[in-house]
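Working notes, beginning with the structure itself.
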Amino acid sequence: MADVIKMPKMSDTMTEGVLAKWHKKVGDKVKSGDVLAEVETDKATMDMESYWDGTLLYIGVKEGEAVPVDAVMAVIGKEGEDFQAALDAESGSDGATSAKTEDKAPAAESEKSKAENEEAPAQGGGLTEEELAAKGVTVIRMPLLSDTMTEGVIAEWHKKVGDQVKDDDVLADVETDKATMEVMGYATGTLLHIGVEKGEAAKVNGIIAIVGPEGTDVSGILAGGSAPAAKAESKEEAPKEEKQASTADANSSTPVAESSSSDSRVKASPLAKKIAKDKGIDLSQVSGSAEGGRIIKKDIENYKPAAAPAKSESAPAAAEKATAAAPVIPTFVGEVKFTEQPVSQMRKVIAKRLAESLFTAPHFYLTVSIDMDNAMAARTAINAVAPVKVSFNDIVIKAVAVALKKHPAVNSSWGGDKIRFNEHTNIGVAMAVEDGLLVPVVRFADGKSLSHISAEVKDFGGKAKAKKLQPSDWEGSTFTVSNLGMFGIDEFTSIINSPDGAILSVGAIQQVPVVKNGAVVPGNVMKLTLGCDHRVVDGATGAQFLQTLKGLLEEPIRLLA
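Here the working numbering is used: the first residue of the sequence shown is 1, the next is one more, and so on.
Dropping the structure here:
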């Protein structure tokens, strides 16, 4: 099938490019690495290369026209090939799904299989989901397992097609943005279809499996385009990557060290220039394998410097060199290395939610220093009798909850046309886990003892590491506490955990000189930084809250009043 050339995104701010000049015309032969056109972006004019061999079948953009990123510009394929199917697939017409998901097979075979599918009726064939439901067929869809979930990854299938399933059997484990959770069958019958392979993502409400009477034809449901987008995209990319990988030319394995062009300007692609610069390679010593001797990526990768010829020295020159040898600076050629890994569901949601918070809520920050001498003494006394050891963070959580009762504006959230003032104090506690960050919630913290808060936080920590937290554990916070003191961080600022109106950043307790009763003495000081959403919390309001919090932590006996 023909390959579609789209407008690439050539810079982080680019939304469209202007086609400055075409270097090829319809009917021309094209090789991988050839420059098809020059594109003017918001930053520079850059060469657009072909990644395929073939014939230029179609040009859809005239010189001087602006083209949005990812819009179709041209089509490359076999000479005489019908490219309309490729254009139809990109425009979303009939057959788009198959064009994206099918491997590049001969057209005749594709038409044959299509005809067979249409002419072979079976039990239930072509019936809708509602009609099949009447026959005992149940469609299992990706459930919404948290309020922030948009898709889930199938971590493990516990059943395979053909297995008998009961309504309380676990079909699969699903990795969400917060935890790995089980998906039940909720139906009795035979597993007829699995729509998402292990490790693939499915959108919420997308079909992941079908259960029903053995032998039932469910093609009517599947024909509705229920396959998850992630699966289709992965199949689309595979042949393209294979084709790109196969462009290495055996003839260029040992290039001759000669100039790639007779003129003063070395012809090379931008990528080839960058790689050559990183590796310290002189482009004038590399021969290009693309059209007109142009140097491309594979030429740089296959380049081997020619051995330097031995030079004979005259006796006077050798003597002069011995008496005044110039310092030799060795040439160091480094190699750029990196690894890439797919973004986890948790990391995707963290990126999305925090970016939305930072760029939507106007943040401001207030910092205060706390004398922790009394708090340290109180903690020692409490831990001598408490059933559960209490941490400084537990004391901060309790003090925050008590202070919020006196400053409801800080315990609020922005609602667009209204502000919600929470009378309850649900404190989110930020916890670092292997894949990112979770914020379980200590509910009604102002009414709980320090031992109760400590036990609850420890339980959340164990569940978070084991990925056993449930949606009810992390939903409903009204304020968040983030503590990096255990890493020796003096002070820091945090991004507000939306929809909360504020977040408290807790630093380490540092022993520093302080003035008490006119004398400089050692003191234990902790810095707290309050991040506020200026839409609901004003500077004076935040400062008053910190004053109250400071008083509670410096005289922790007040927490018991």
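Ideal Cβ positions, reconstructed from N, Cα and C, are used throughout, including at glycine.
DSSP state of residue i, grouped into three classes?
| i | result |
| --- | --- |
| Trp474 | helix |
| Arg294 | coil |
| Gly80 | coil |
| His424 | coil |
| Gln510 | strand |
| Leu127 | coil |
| Met431 | strand |
| Ala464 | helix |
| Glu151 | strand |
| Gly64 | coil |
| Val495 | It is worth fixing the name first, because residue 495 is Ile in this sequence and not Val. Note: Ile495 maps to coil in three-state DSSP. |
| Gly447 | helix |
| Thr188 | coil |
| Glu456 | helix |
| Gln341 | coil |
| Leu438 | strand |
| Asp278 | helix |
| Ala248 | Its pLDDT being 40, under 50, Ala248 is placed unreliably by the model, and nothing is read from it. |
| Ile419 | strand |
Can you name the residues that DSSP bridges to residue i?
| i | result |
| --- | --- |
| Leu504 | Val481, Leu530 |
| Arg141 | Ile207 |
| Val520 | Val515 |
| Asp3 | Ile76 |
| Met181 | Val174 |
| Gln544 | Per DSSP, none; premise fails for Gln544. |
| Val165 | Gly189 |
| Ser413 | Arg420 |
| Ile194 | Ala209 |
How many Å lie between residue i and residue j at the Cα?
| i | j | result |
| --- | --- | --- |
| Ser472 | Trp52 | 51 angstroms |
| Ala179 | Leu469 | 6 angstroms |
| Ile154 | His193 | 15 angstroms |
| Gly288 | Lys337 | 24 angstroms |
| His158 | Pro143 | 17 angstroms |
| Ser226 | Leu546 | With a pLDDT of only 42 at Ser226, under the threshold of 50, the placement of this residue in the model should not be trusted, and no figure is reported. |
| Pro342 | Gly447 | 43 angstroms |
| Ala209 | Met486 | 45 angstroms |
| Thr15 | Ala276 | 29 angstroms |
| Arg443 | Asp500 | 14 angstroms |
| Leu145 | Glu456 | 23 angstroms |
| Leu559 | Trp414 | 29 angstroms |
| Ala272 | Asp299 | 8 angstroms |
| Ser357 | Thr367 | 20 angstroms |
| Ser505 | Met526 | 11 angstroms |
| Thr339 | Glu63 | 38 angstroms |
| Ser32 | Thr478 | 56 angstroms |
| Val520 | Val396 | 27 angstroms |
| Asp28 | Met7 | 20 angstroms |
| Gly212 | Asp147 | 30 angstroms |
| Gly531 | Ile495 | 7 angstroms |
| Ala409 | Thr541 | 7 angstroms |
| Ile140 | Met431 | 33 angstroms |
| Leu171 | Leu36 | 50 angstroms |
| Lys405 | Pro387 | 27 angstroms |
| Lys352 | Val439 | 15 angstroms |
| Val75 | Glu301 | 28 angstroms |
| Ile382 | Val390 | 7 angstroms |
| Ile489 | Val481 | 15 angstroms |
| Leu222 | His424 | 48 angstroms |
Run the CB neighbour count on residue i, radius 10 Å, all protein chains shown included, and call it buried at 16 or more, exposed below.
| i | result |
| --- | --- |
| Met149 | buried |
| Lys235 | Confidence in Lys235 is poor, its pLDDT being 42 and thus under 50, which makes the residue's placement unreliable; the coordinate value appears in the next sentence. So Lys235 counts as exposed. |
| Thr360 | exposed |
| Ile419 | exposed |
| Glu151 | buried |
| Ile281 | buried |
| Lys398 | buried |
| Asp394 | buried |
| Ala561 | exposed |
| Pro556 | buried |
| Thr380 | exposed |
| Asn117 | Interpretation of Asn117 is limited by its pLDDT of 43, a score under 50 that renders its predicted location unreliable; the figure taken from the coordinates is listed afterwards. Under this definition Asn117 is an exposed residue. |
| Thr138 | buried |
| Thr128 | exposed |
| Asp3 | buried |
| Phe460 | buried |
| Lys304 | exposed |
| Asp70 | exposed |
| Val429 | buried |
Worksheet item: Quick one: complete beta strand (DSSP E) runs, 3+ long, within the segment 349-411?
Response: 363-371
Worksheet item: Counting only runs that start and end within the segment 15-58, where is the beta strand (DSSP E) found for 3 or more residues in a row?
Response: 16-22, 35-40, 45-49
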